[in-house]
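Going by UniProt numbering, the first residue of the sequence shown is number 1, and it counts up by one from there.
All residues carry an ideal CB built from backbone N, CA and C; glycine is no exception.
Notes to accompany the following structure.
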Amino acid sequence: MSNWSVDYASLNTANSSKVSNPVGYEPSTLQKYTKNERSSRQGNQDNNQVAIKMKRAWDVAMGPAKSIPMNAIMIYMSGTSLQIFTVMVTAMLFFNPVKAIMTTQQTFSRFESDTTTTGKAQPKVDLTMPKLTFIGLHIVTILLGVYKVNAMGLLPNTASDWLAFIKPKEILEYAA
Numbered sequence: 001m002s003n004w005s006v007d008y009a010s011l012n013t014a015n016s017s018k019v020s021n022p023v024g025y026e027p028s029t030l031q032k033y034t035k036n037e038r039s040s041r042q043g044n045q046d047n048n049q050v051a052i053k054m055k056r057a058w059d060v061a062m063g064p065a066k067s068i069p070m071n072a073i074m075i076y077m078s079g080t081s082l083q084i085f086t087v088m089v090t091a092m093l094f095f096n097p098v099k100a101i102m103t104t105q106q107t108f109s110r111f112e113s114d115t116t117t118t119g120k121a122q123p124k125v126d127l128t129m130p131k132l133t134f135i136g137l138h139i140v141t142i143l144l145g146v147y148k149v150n151a152m153g154l155l156p157n158t159a160s161d162w163l164a165f166i167k168p169k170e171i172l173e174y175a176a
């Protein structure tokens, strides 16, 4: 018989039972659980679900922070002159965050579900801080827009911008 052939008839079945379990396999997963053990495992799964939902909510809340540097570069590159591109970039800095703030509840509604697919109630997830962070980061984007409007000279912040509301001086005497 050659070195590369296997004689299956001569294989010992006793040696095959000594094969170790694969990595990550836990024999305890096949055990039968009592009702109390099952409920404690379900509680752990619920806590895991809450932690996962909270992590995902924070990921969504921090999403606007990723666009702030890009918006800052765009307003820097667009210049301060009044052109269609500059006005469009500035309008985008106002409209997109306002739309996102208006839809905050719908954005986070997928993390607030009270029941699982089996219909069992889950613990509530407190999404107050992720929502406030989401709104705060969008307000930072709006403030970038305010800065851009000021840099373009469209924000009335000097005395000469309000000349239309100042009464003209009355001349009391005329020299002839």
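* To do: Answer yes or no: do Val89 and Ser78 have a C-beta to C-beta separation smaller than 8 Å?
  => yes
* Assumed close pair Ala57, Val125 - CB separation to whole angstroms, cut-off 8 Å -> 7 Å
* Asked: Beta-carbon separation of Leu137 and Ile68 under 8 Å?
  -> yes
* Asked: Of the residues Phe108, Asp161 and Val98, which one's Cα is nearest the Cα of Leu143?
  -> Val98
* What's the gap between the Cα of Thr128 and the Cα of Ile73? -> 31 Å
* **Where Ile166 falls, given that 16 or more other Cβ within 10 Å makes a residue buried** => exposed
* Asked: Exposed or buried, what is Ile75 when buried is set at 16 or more other beta-carbons lying within 10 Å of its beta-carbon?
  -> Ile75 comes out buried.
* **Reduced DSSP secondary structure (H/G/I, E/B, other) of Gly136** => helix
* Asked: From Ile101, Asn157, Gly145 and Tyr147, pick the residue whose C-alpha is nearest to that of Pro130; which is it?
  -> Ile101 is the residue among Ile101, Asn157, Gly145 and Tyr147 whose C-alpha sits nearest the C-alpha of Pro130.
* Excluding the 5 residues preceding and the 5 following Ile135 in the sequence, name in chain order all residues of the same chain whose CB lies nearer than 8 Å to its CB. => Ile101 and Thr104
* **Distance, Asp161 Cα to Ile171 Cα** => 23 Å
* **Neighbour-count burial assignment, Lys148, 16 or more Cβ in a 10 Å radius** => buried
* To do: Put Thr158 into one of helix, strand or coil per three-state DSSP.
  => coil
* Report yes if the C-beta distance between Ser94 and Gly145 is below 8 Å; otherwise report no. => For clarity, residue 94 is Phe in the given sequence; the question names Ser instead. Yes, the pair counts as a contact, with Cβ atoms nearer than the cut-off.
* To do: Starting from the Cα of Asn71, find the closest Cα among Leu30, Thr158 and Ile139 and give me that residue.
  => Ile139
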